[in-house]
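Protein sequence lines correspond, in order, to chains A and B.
368 is the number that this note's numbering gives to position 357 of the first sequence; each next residue is one higher, with no gaps.
328 is the number that this note's numbering gives to position 317 of the second sequence; each next residue is one higher, with no gaps.
Structure, as structure tokens:
Number of protein chains: 2
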Amino acid sequence: MGKHAIVVGLGFAGTVLARLLADSGFTVTAFDRRPNVAGNMFEYERSNGVRVHMYGPHIFHTDRKYVYEYLSRFSAFYPYSHRVLGQIDGKLVPIPFNFTSIEKLFPQNQAEKLKSELLEHFDPDSRVFVSDLLRHPVAEISALGQYIFEKVFRNYSAKQWGVPADSLDASVLRRVPVIIGKDDRYFPDSIQMMPIFGYTELFENMLRHPSISVHLNSDALKRVRPHAPSGKFLLDGVPFDGPVCFTGSIDELFDYALGALPYRSLELCLEDYPVDYYQNATVVNYPNEENFTRITEFKHMTLQDIPNATTIMKEYPIAFHPGGRMVPFYPIQTDENRSLYSDYLSLCGKYDRLYLCGRLAEYRYLNMDAVVDSALQVFEKIIRDRDYE
Amino acid sequence: MGKHAIVVGLGFAGTVLARLLADSGFTVTAFDRRPNVAGNMFEYERSNGVRVHMYGPHIFHTDRKYVYEYLSRFSAFYPYSHRVLGQIDGKLVPIPFNFTSIEKLFPQNQAEKLKSELLEHFDPDSRVFVSDLLRHPVAEISALGQYIFEKVFRNYSAKQWGVPADSLDASVLRRVPVIIGKDDRYFPDSIQMMPIFGYTELFENMLRHPSISVHLNSDALKRVRPHAPSGKFLLDGVPFDGPVCFTGSIDELFDYALGALPYRSLELCLEDYPVDYYQNATVVNYPNEENFTRITEFKHMTLQDIPNATTIMKEYPIAFHPGGRMVPFYPIQTDENRSLYSDYLSLCGKYDRLYLCGRLAEYRYLNMDAVVDSALQVFEKIIRDRDYE
Numbered sequence: 012m013g014k015h016a017i018v019v020g021l022g023f024a025g026t027v028l029a030r031l032l033a034d035s036g037f038t039v040t041a042f043d044r045r046p047n048v049a050g051n052m053f054e055y056e057r058s059n060g061v062r063v064h065m066y067g068p069h070i071f072h073t074d075r076k077y078v079y080e081y082l083s084r085f086s087a088f089y090p091y092s093h094r095v096l097g098q099i100d101g102k103l104v105p106i107p108f109n110f111t112s113i114e115k116l117f118p119q120n121q122a123e124k125l126k127s128e129l130l131e132h133f134d135p136d137s138r139v140f141v142s143d144l145l146r147h148p149v150a151e152i153s154a155l156g157q158y159i160f161e162k163v164f165r166n167y168s169a170k171q172w173g174v175p176a177d178s179l180d181a182s183v184l185r186r187v188p189v190i191i192g193k194d195d196r197y198f199p200d201s202i203q204m205m206p207i208f209g210y211t212e213l214f215e216n217m218l219r220h221p222s223i224s225v226h227l228n229s230d231a232l233k234r235v236r237p238h239a240p241s242g243k244f245l246l247d248g249v250p251f252d253g254p255v256c257f258t259g260s261i262d263e264l265f266d267y268a269l270g271a272l273p274y275r276s277l278e279l280c281l282e283d284y285p286v287d288y289y290q291n292a293t294v295v296n297y298p299n300e301e302n303f304t305r306i307t308e309f310k311h312m313t314l315q316d317i318p319n320a321t322t323i324m325k326e327y328p329i330a331f332h333p334g335g336r337m338v339p340f341y342p343i344q345t346d347e348n349r350s351l352y353s354d355y356l357s358l359c360g361k362y363d364r365l366y367l368c369g370r371l372a373e374y375r376y377l378n379m380d381a382v383v384d385s386a387l388q389v390f391e392k393i394i395r396d397r398d399y400e
Numbered sequence: 012m013g014k015h016a017i018v019v020g021l022g023f024a025g026t027v028l029a030r031l032l033a034d035s036g037f038t039v040t041a042f043d044r045r046p047n048v049a050g051n052m053f054e055y056e057r058s059n060g061v062r063v064h065m066y067g068p069h070i071f072h073t074d075r076k077y078v079y080e081y082l083s084r085f086s087a088f089y090p091y092s093h094r095v096l097g098q099i100d101g102k103l104v105p106i107p108f109n110f111t112s113i114e115k116l117f118p119q120n121q122a123e124k125l126k127s128e129l130l131e132h133f134d135p136d137s138r139v140f141v142s143d144l145l146r147h148p149v150a151e152i153s154a155l156g157q158y159i160f161e162k163v164f165r166n167y168s169a170k171q172w173g174v175p176a177d178s179l180d181a182s183v184l185r186r187v188p189v190i191i192g193k194d195d196r197y198f199p200d201s202i203q204m205m206p207i208f209g210y211t212e213l214f215e216n217m218l219r220h221p222s223i224s225v226h227l228n229s230d231a232l233k234r235v236r237p238h239a240p241s242g243k244f245l246l247d248g249v250p251f252d253g254p255v256c257f258t259g260s261i262d263e264l265f266d267y268a269l270g271a272l273p274y275r276s277l278e279l280c281l282e283d284y285p286v287d288y289y290q291n292a293t294v295v296n297y298p299n300e301e302n303f304t305r306i307t308e309f310k311h312m313t314l315q316d317i318p319n320a321t322t323i324m325k326e327y328p329i330a331f332h333p334g335g336r337m338v339p340f341y342p343i344q345t346d347e348n349r350s351l352y353s354d355y356l357s358l359c360g361k362y363d364r365l366y367l368c369g370r371l372a373e374y375r376y377l378n379m380d381a382v383v384d385s386a387l388q389v390f391e392k393i394i395r396d397r398d399y400e
């Protein structure tokens, strides 16, 4: 009957692995609990014709050419450079903070002074971190860093993580960029492209392979169970000798034996309007004034030409609890949680045919390209590990 | 074609109205967006055989005999007296706080003194309010009130409503009872009964009528729209002359034109265990130690005899946002919100065939018996209002 692999979860990690395994001669049995493939990338058309991302906006951007080339086998892509505005003191300014943001928020004299100070100390068009501004010896520059922290990030992060604003200090800004110039693209990556008919079709094309059987609405953990005495997984009670690629949260795989891995979730609320456009950018951030963190208008991203109809999504950060309605989005990266994750990893270590891949299974915030890259590497490891028969 | 009525929502309000209208000669078209009837009373059997309430435990209790008698037409009921324990300082004590709670939490001398002080100032077996203890001139009694507020209610309410514990004062306790004796029933009502095969069957029996057509998975608001110029509702674009019974949230009926009515929600998480019982009561409250407020074990309530299997539910209070995944449970009763509700009521006033009924449509916390009672009254009003043809 040949080589057989199991894939649990059909987001990017599971879908890329399923396809790579099928292309290299495995028969693949793939499960997802949802009624659809594509995981959090799932995209569908509303009754007004607008294509939306059910689990929040997913923008593909990468510097890893091989990742883009791999995905391009399954869909054409169109160029799309993501742009974000933030509502600061009632004005809409580019995020990341750039020279235009400075011009819009400060009196002209001060703005000119700030820009020349920045150009004197940093390379033009470079992206520096807010933390670099904050600790800068020039007082105007560190004051600008403090301003950006207060107006753009403090309350936004407090909402995002559900913590009091005054408990946050500027250390959260370590990786937050500021642009020394007028580039207003959100991402600096050399490749910024979107699948031409949407992610769902990209995923369906990847999974359309005679050796892949896809089981939707199907809770894999009812059929695929770890069996500690043998160090193997059981499929429907029978020892399974092939690779088991697991892309879910590993606390669930072990019935939360060591406790639940904490995640943050989002309540994602769609609204339709009978107008051409609701706002002037794909995403507008609301750091301070609202309970939601941002509004996405999908037409700016899908580039659909639909008159008198648009759909927006508001994002309200919210708690996650296993077994409830909300979806686990963001691992909450504290030392305690990482240590819990690493205890679960030790449990996983007993199963040498188990492969973990993706944002949930790796308990790390990973962009889509990093997940695809991880799947490419996990596949190499599966092939290297042993001669699966 | 005779008299025709529309019912939106098939919880208690909509279901009782649908049945009453059908029994009095109306043809009833009833909608619910969910795949099931019974609204938040929906009950189903899990794979381990335990019957659970998907939307949290629903205990029927009433002093309104006519309400119970009406429902008894559609199901037999079995007696069930609800009991709740609270985990206080590591001990499980009866809630409402009673003499047993005092004995478990205080040294014997002090407990005896407290009980005789209480019996001296209050009627035996009466239910008094914590607020009555708090403002009592006897120092021991007011100190007991303060103790109960601190240990049993302050943190519980803070979790329930998502507010800081130190923002709550004892005014939240106005209606919270303390029992002057050993009665450990949660409710004082004379009728405490549950439908013998569960709520879902009760609802199905109510709706099994040749003049009622039930449309599940069906968003009524896509078909039933208010039409301001005529003061009528349109059904599929055609003016509708019969009564429209609406049991949803009225902000949604008017596309949130005045803003959203705030609700609090619950993340309800089920867990199965291969043991006879998980805890010693139907409900255990955790005011202080956990992120959830309480744990319900359904077998204590369904009285099912199932060995080696039980199912519990943990309740985590959480924010509600229209259009998201969470369900609106509790109206947040502030002056501001009541005033917003009353503005929506003015909009409703333009439609003289519109009838509002139920916890959402009335924007009030109503027990099940009160909702059924409200439906009985709304039905009388429909019959009185005009000669529907």
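All residues carry an ideal CB built from backbone N, CA and C; glycine is no exception.
On a CA-only basis, which of G335(A), Y284(A), T304(A) and Q344(A) is nearest I317(A)? Give me that one, please. Translated into positions along the first sequence, residue 317(A) becomes position 306. Checked all of G335(A), Y284(A), T304(A) and Q344(A); the closest Cα to I317(A) is Y284(A).
Let me check understanding here. Comparing Cα to Cα, which of E300(B), N299(B), F303(B) and V295(B) lies closest to H311(B)? Looking up residue 311(B) in the second sequence gives position 300. When each option's Cα is compared against that of H311(B), the closest is V295(B).
Apart from the five residues just before and just after I329(B), which ones in its own chain have a Cβ nearer than 7 Å to its Cβ? Counted from its first residue, the second sequence places residue 329(B) at position 318. Cβ within range, chain order: S276, L277, E278 and M337.
How is G156(B) classed by DSSP in three states: helix, strand or coil? Here residue 156(B) refers to the residue found at position 145 when the second sequence is read from its first residue. Helix.
For the alpha helix (DSSP H) containing K392(A), name the first residue and the last one. Taking the first residue of the first sequence as position 1, residue 392(A) is located at position 381. Residues M379 to D396.
Could you tell me which whole beta strand (DSSP E) segments of length 3 or greater appear in the segment 170-220 of chain A? 188-190 and 202-206
Residue(s) in a DSSP beta bridge with Q290(A): Start at 1 with the first residue of the first sequence, and residue 290(A) comes out as number 279. Bridge partners of Q290(A): none, in fact.
Between which two residues does the alpha helix (DSSP H) holding Y79(B) run? For this step, residue 79(B) is matched to residue 68 along the second sequence. From DSSP, the alpha helix (DSSP H) with Y79(B) extends over K76 to S83.
By Cβ distance below 7 Å, which residues in the same chain neighbour D384(B) in space, the five residues on each side in sequence not counted? If you number the second sequence from 1, residue 384(B) lands on position 373. So the qualifying residues of the chain are R75 and V78.
Less than 8 Å between the beta carbons of G20(B) and G369(B), yes or no? Numbered from its first residue, the second sequence carries residue 20(B) at position 9. Numbered from its first residue, the second sequence carries residue 369(B) at position 358. Yes, the Cβ-Cβ distance between G20(B) and G369(B) is below 8 Å.
Chain-ordered chain A contacts of Y327(B) [CB-CB under 9 Å]: As a first step, residue 327(B) must be located in the second sequence, where it is residue number 316. Chain A residues near Y327(B): A330, H332 and G335.
Where the beta strand (DSSP E) through G97(A) begins and ends: In the first sequence, counting from the first residue as 1, residue 97(A) sits at position 86. Where G97(A) is concerned, the enclosing beta strand (DSSP E) stretches over V95 to I99.
If you reduce the DSSP assignment to three classes, tell me which class F164(B) lands in. Working through the second sequence from its first residue, we reach residue 164(B) at position 153. DSSP places F164(B) in helix when its eight states are reduced to three.
Quick one: does the C-beta of R375(A) sit closer than 7 Å to a heavy atom of the ligand MN? Among the components of this structure there are no ligands whatsoever, and the ligand MN is therefore not found.
Please list, in chain order, the chain A residues whose beta carbon lies closer than 8 Å to that of L281(B). By one-based count along the second sequence, residue 281(B) stands at place 270. Within chain A, the residues near L281(B) are G334.
Would you mind working out which of E80(A), I70(A), Q388(A) and L351(A) sits nearest L269(A), comparing C-alpha positions? Locating residue 269(A) in the first sequence gives position 258, counting from the first residue. Comparing Cα positions, the closest option is L351(A).
Can you find a CB in chain B that lies within less than 8 Å of the CB of E263(A)? The residue given as residue 263(A) occupies position 252 in the first sequence. No, its Cβ sits nowhere closer than 8 Å to a Cβ of chain B.
Which of the three DSSP states is assigned to F110(B) in this structure? Working through the second sequence from its first residue, we reach residue 110(B) at position 99. In this structure, F110(B) counts as helix in the three-state DSSP scheme.
Within 8 Å of any Cβ in chain B, is that where the Cβ of E442(A) sits? Nothing can be reported for residue 442(A), as the shown portion of chain A is limited to 12 through 400.
If the criterion is Cβ atoms closer than 8 Å, does the pair P199(A) and R236(A) meet it? Taking the first sequence and counting its residues from 1, one reaches residue 199(A) at position 188. Taking the first sequence and counting its residues from 1, one reaches residue 236(A) at position 225. The answer is no: Cβ separation not under 8 Å.
With which residues is K5(B) paired in a DSSP beta bridge? Lying before the first or after the last residue shown, residue 5(B) is absent from chain B, which here runs from 12 to 400.
Outcome for E373(A) when other beta-carbon atoms lying within 10 angstroms are tallied against a minimum of 16: For the purposes of this step, residue 373(A) is identified with residue 362 of the first sequence, where counting begins at 1. Buried.
Compare the beta carbon distance of F85(B) and L213(B) with 8 Å and say whether it is the shorter of the two. As a working note, residue 85(B) is residue 74 in the second sequence. As a working note, residue 213(B) is residue 202 in the second sequence. Cβ distance < 8 Å, so F85(B) and L213(B) count as in contact.
Since N59(B) and A320(B) should fall inside the 8 Å C-beta cutoff, what is the C-beta to C-beta distance between them, to a whole number of angstroms? Taking the first residue of the second sequence as 1, we reach residue 59(B) at position 48. Taking the first residue of the second sequence as 1, we reach residue 320(B) at position 309. Yes, they are in contact, since the Cβ atoms of N59(B) and A320(B) sit about 4 Å apart, within 8 Å.
Taking any Cβ of chain B, which residues in the segment 33-65 of chain A have a Cβ under 8 Å from it, in chain order? none
Could you compute how far the alpha carbon of F37(A) sits from the alpha carbon of D354(A)? Sequence index remark: in the first sequence, residue 37(A) carries index 26 (1-based). Sequence index remark: in the first sequence, residue 354(A) carries index 343 (1-based). Their backbone Cα atoms lie some 31 Å apart in a straight line.
Cutting at 8 Å between CB atoms, please list the residues of its own chain near N216(A), excluding the five before and the five after it. The residue given as residue 216(A) occupies position 205 in the first sequence. The residues are F85 and S86.
In whole angstroms, give me the CA-to-CA distance for E54(B) and P333(A). Along the second sequence, one-based indexing puts residue 54(B) at 43. Along the first sequence, one-based indexing puts residue 333(A) at 322. Near 21 Å, if we compare the C-alpha coordinates of P333(A) and E54(B).
Under three-state DSSP, which class holds I17(A)? For the purposes of this step, residue 17(A) is taken as the residue at position 6 of the first sequence. Three-state DSSP puts I17(A) in a strand.
Cβ shell of A231(A) (< 7 Å), same chain only, five flanking positions each side left out: One-based indexing of the first sequence puts residue 231(A) at position 220. If we look at A231(A) and ignore the five residues flanking it on each side, its Cβ neighbours are V19 and F42.
Report the neighbours of E300(B) on chain A: residues whose CB is nearer than 8 Å to its CB, in chain order. Translated into the one-based positions of the second sequence, residue 300(B) becomes position 289. What E300(B) touches in chain A: nothing, since even the nearest Cβ is about 15 Å away.
Can a CB atom of chain A be found closer than 8 Å to the CB of E114(B)? As a first step, residue 114(B) must be located in the second sequence, where it is residue number 103. Closer than 8 Å: no.
Euclidean distance between Cα positions of Y297(A) and F164(A): The sequence position of residue 297(A) within the first sequence is 286, counting from 1. The sequence position of residue 164(A) within the first sequence is 153, counting from 1. Each residue's alpha carbon lies about 10 Å from the other.
For the pair the segment 107-125 of chain A and the segment 147-159 of chain A, tell me if three or more CB-CB distances fall below 8 Å. yes
In whole angstroms, give me the CA-to-CA distance for G335(A) and I394(A). Counted from its first residue, the first sequence places residue 335(A) at position 324. Counted from its first residue, the first sequence places residue 394(A) at position 383. Rounded to whole angstroms, G335(A) to I394(A) spans 37 Å at the Cα level.
F160(B) vs V141(B) beta-carbon contact at 8 Å: For the purposes of this step, residue 160(B) is taken as residue 149 along the second sequence, with counting starting at 1. For the purposes of this step, residue 141(B) is taken as residue 130 along the second sequence, with counting starting at 1. For F160(B) and V141(B), yes; Cβs fall inside 8 Å.
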